[in-house]
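*Asks:* Structure incoming, see below.
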Amino acid sequence: MLALANRLALKALWVAGIFLGITLISFAVIHLAPGSPTDMQTTLNPLATAETRARLEKLYGLDRPLPVQYLDWLGKLVRFDFGQSLSGDHRPVWDKIRERLPLTFSMNIVSLVLTLMIAIPIGLLSAYKQGGLFDRAATVFVFVGFAVPGFWLALLLMLLFGIHWGILPISGLTSMDFATFSLWGKTVDLARHLTLPIFIYTFGGLAGLSRFMRSSMLEVLRQDYILTARAKGLSTWAVIGKHALRNALLPVITILGLSIPGLIGGSVIIESIFALPGLGQLFYQSVMARDYPLIMGNLVLGAVLTLAGNLLADAGYALADPRIRLGGRSRE
Amino acid sequence: MSDLTGRLRRLGRAVARHGMLWAGLALVGSISLASLCAPALAPCPPTTLDVNAILVPPGSTGHPLGTDALGRDVLSRMLYGGRVSLWVGFVAVGLSVAIGLLLGLCAGYFGGLVDEAIMRGVDVMLCFPSFFLILAVIAFLTPSLTNIMIVIGLTSWMGVARLVRAETLALRGREFILAARVSGMRAPGILFYHILPNAAAPVLVSATLGVAGAILIESSLSFLGLGVQPPMPSWGNILMDGKEVLEVAPWLSIFPGLAILFTVLGYNLIGESLRDILDPRLRQ
């Protein structure tokens, strides 16, 4: 138990350190802008008044020494106070982010589940008959999958399904007359709008995950306990499906945690192509409008979500692996 | 000497066995060559407007791949755009490998507090969705070819740093390093003459795959209008123009994407087969 408490304490210390690091780097980004972050709204903008400049400088506290600025910003950050958007509505950044989260989250969850459901069988079959026809076909698919730019695939699918065949909408989350639909009609309409974006998300994750699953499975199949299981006459299904699969799935948990930054980053492109009102589109709009408080809010949130994802993956791994769960001793 | 020739022969056989490597080299080689010879191969200069040839479909005389909404020749723009992609790939990866090597060598060799500081820095950088970080930095600076290369380089060194640190840790305790230290060699000398060459193989693999990644990032940025700025052509920004006229001129959205696909595929093929050839743990 003591070992576990120690490990948790170390982990907590690590998390606190990483969080501070995230805020430090984000803070450095604000100060990257040549001159000051307010230039874009002031000296470079002939319409900006002295009053605008003063408001911005007050917002950032730019007249004070750097360490004070940082501590002040950090203090606001932990209270979810990211300041106000510079856009016309002047709404708090956190409110703008919060309303965008559900769409991006649910799209990512759906595509993650789909990716797992497709990639695990592909990886498993490839490893089971390594070098076979299926394995070769899967390898070709993986290489092409890695090389296809997601935004280009999106354009091609829009061209094919949206324009050529005209069977799927290519932009937005709902149709114009959405409000008049029945509940079922609304569900179908949403699903039709999300089909292509979710396909792109899923395709993007498929190559990496199936490759990873394949090598994880190959690794497990080389182990002695698989030989034992075979030697005692278990059926192929029992060996592969029970003994091997469960062990091969363990590292996938880690990969899921590691894939979060890619998913968050990918949402920028997919959501702006398909005009979906999610977090990625909000971030893209804030970058285009140089809405600095909104950019910073998104950046810090993206990093913190990644950190949380890594921690969840760690915890999931510990829960799933009896060597860690029961032994309390890691391999180090 | 015989050991060396034996090793060379083994290497030659391995290379011959790897059709993937040749396919990758052929793809990257032909695309690079075409881009380098762009002035000779391009039917017109990439920024010449022609109001009489707006959105001409592919296969027309003088415009094998058609023209865009401003009457610019797509093939010419793609050839010149290839230069941008290759250049971004090399410079960005050069920068990230340089940073990763330096930090990885220091972390692995000196250990202790230095190691702790550098590796926690890697952990922090890995927490940022890299595309978010790149976009944020580009928003604070201005989008330009130089800025993009620097920003991609500064946000992609973590893999190399981890790799080099692991190699350095493994080599640090070996006898030849001890011998070098006993004979009075200083740390920088040991790092660059003895450790670096031994860590070169995995770095080469990672750098090759890194070029592919950098090209994808640059094209995504340019597609969003935050990368290479018009009128300078890049595969990404031709696709951005193509999206506006997707219905009437699909060719603008098809060809540059194929160029990206084949280039990235080529680098990945080279990188993966180099990994197979160079990694003794995978060689049976």
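Going down the list, the protein sequences come from chains C and D. The numbering used here numbers the first residue of the first sequence as 592 and each following residue consecutively. The numbering used here numbers the first residue of the second sequence as -7 and each following residue consecutively. The beta-carbon is built from N, C-alpha and C at its ideal position, and this holds for glycine as well. No experiment lies behind these values; they were computed from the predicted model shown.
1. Give a yes or no on whether the C-beta atoms belonging to ILE207(D) and SER77(D) are separated by under 7 Å.
2. What in chain D is Cβ-close to VAL878(C), meaning under 9 Å?
3. Taking buried to mean at least 16 other C-beta atoms within 10 Å of its own C-beta, is VAL704(C) buried or exposed?
4. With distances taken from CA atoms, which of LEU595(C), LYS602(C), ALA596(C) and ALA594(C) is nearest LEU902(C)?
5. Can you name, in chain order, every residue of its own chain whose Cβ lies under 7 Å from the Cβ of LYS687(C), other than the five neighbours on each side?
6. Check each candidate in LEU785(C), ALA710(C) and VAL620(C) and name the one with the smallest Cα separation from MET749(C).
7. Report the residues of the region 52 to 83 of chain D with a CB closer than 8 Å to any CB of chain C, ordered along the chain.
8. Quick one: is ARG802(C) buried, meaning 16 or more other Cβ sit within 10 Å of its Cβ, or exposed?
9. Return the chain-ordered ranges of every alpha helix (DSSP H) run that is complete within the region 828 to 915 of chain C and spans a minimum of 4 residues.
10. GLY249(D) CB to nearest chain E CB: under 7 Å?
11. Using the DSSP secondary-structure output, state which residues sit across from VAL59(D) in a beta bridge.
12. Can the beta-carbon of GLY151(D) be found less than 7 Å from the beta-carbon of SER212(D)?
13. Taking 7 Å as the cut-off, decide whether the C-beta atoms of THR39(D) and PRO223(D) are in contact.
14. Would you kindly report the start and end of the unbroken alpha helix (DSSP H) that includes CYS119(D)?
15. So ILE855(C) packs on ALA745(C), CB below 8 Å; how close in whole Å?
16. Let me see if you follow: with CB-CB separation under 7 Å, is THR730(C) close to chain D or not?
17. Tell me, please, whether the CB atom of CYS119(D) is closer than 7 Å to any CB atom in chain C?
18. Taking all protein chains shown into account, do 16 or more other C-beta atoms lie within 10 angstroms of the C-beta of TYR816(C), making it buried, or fewer, making it exposed?
19. Going by DSSP, which residues form a beta bridge with SER52(D)?
20. Look at LEU57(D) and VAL48(D) and say whether their C-beta atoms are less than 7 Å apart.
21. Give me the Cα-Cα distance between ILE91(D) and TRP149(D), rounded to the nearest whole angstrom.
22. Whole alpha helix (DSSP H) runs in the region 799 to 831 of chain C with 4 or more residues, listed along the chain?
23. Starting from LYS687(C), trace the alpha helix (DSSP H) in both directions and tell me its first and last residue.
24. Given a limit of 8 Å on CB to CB distance, which residues of the region 183 to 209 of chain D reach chain C?
25. In chain order, what residues of the same chain lie with their CB nearer than 8 Å to the CB of PHE769(C), ignoring the 5 residues before and after it?
26. Of all the CB atoms in chain C, is at least one closer than 7 Å to the CB of ALA99(D)?
27. Beta-carbon of PHE737(C) versus every beta-carbon of chain D: anything under 7 Å?
28. From GLY666(C) to ASN190(D), what does the alpha carbon distance come to, in whole angstroms?
29. Is VAL859(C) close to chain D? Criterion is C-beta to C-beta, closer than 7 Å.
30. Answer yes or no: does any C-beta atom of chain C fall closer than 7 Å to that of MET123(D)?
31. Would you mind stating whether GLY795(C) and GLY848(C) have Cβ atoms separated by less than 7 Å?
32. Would you call the region 249 to 268 of chain D in contact with the region 16 to 30 of chain D, where contact means no fewer than 3 C-beta pairs closer than 8 Å?
33. May I have a chain-ordered list of the beta strand (DSSP E) segments no shorter than 3 residues that lie completely inside the region 724 to 783 of chain C?
34. Among ASN889(C), ALA594(C) and ARG805(C), which has the Cα closest to the Cα of PRO121(D)?
35. Please specify which runs of the alpha helix (DSSP H), each continuous and at least 4 residues long, are wholly inside the region 121 to 173 of chain D, giving them in chain order.
36. Does the separation of the CB atoms of GLY172(D) and HIS186(D) fall below 7 Å?
*Replies:* In short, the structure shows the following:
1. yes
2. For VAL878(C), the C-beta contacts it makes with chain D under 9 Å involve LEU127, ALA128, ILE130, ALA131, LEU216 and LEU218, in order along the chain.
3. exposed
4. If you compare the alpha carbons of LEU595(C), LYS602(C), ALA596(C) and ALA594(C) with that of LEU902(C), the shortest gap goes to LYS602(C).
5. So the qualifying residues of the chain are SER676, LEU873 and LEU885.
6. LEU785(C)
7. none
8. buried
9. Complete alpha helix (DSSP H) runs here, min 4: 836 to 849, 851 to 864, 870 to 879 and 883 to 911.
10. As a matter of chain content, chain E is missing from the structure shown, whose protein chains are C and D.
11. The question names Val, but residue 59(D) in the sequence shown is Thr. Its beta-bridge partners are ASP65(D).
12. no
13. Yes; because the gap between Cβ atoms is below 7 Å, this pair is in contact.
14. For CYS119(D), the uninterrupted alpha helix (DSSP H) segment begins and ends at 104 to 119.
15. Under the criterion of beta carbons closer than 8 Å, ILE855(C) and ALA745(C) do not qualify as touching, at roughly 17 Å.
16. No, its Cβ sits nowhere closer than 7 Å to a Cβ of chain D.
17. With respect to chain C, the C-beta atom of CYS119(D) has a partner C-beta closer than 7 Å.
18. exposed
19. HIS55(D)
20. no
21. 6 Å
22. 815 to 822
23. 684 to 719
24. ALA204 and LEU208
25. LYS777 and ASP780
26. no
27. True, the Cβ-Cβ gap to chain D drops below 7 Å.
28. Going by the C-alpha atoms only, they are around 47 Å apart.
29. yes
30. The identity of residue 123(D) in the sequence shown is Phe, whereas the question assumes Met. Chain C, which has a Cβ nearer than 7 Å to the Cβ of PHE123(D), makes this yes.
31. no
32. Short answer: they touch.
33. none
34. ASN889(C)
35. 122 to 132, 137 to 146 and 150 to 164
36. Residue 172(D) is actually Ala in this sequence, not Gly. It is a contact, given that the beta carbons lie within the stated cut-off.
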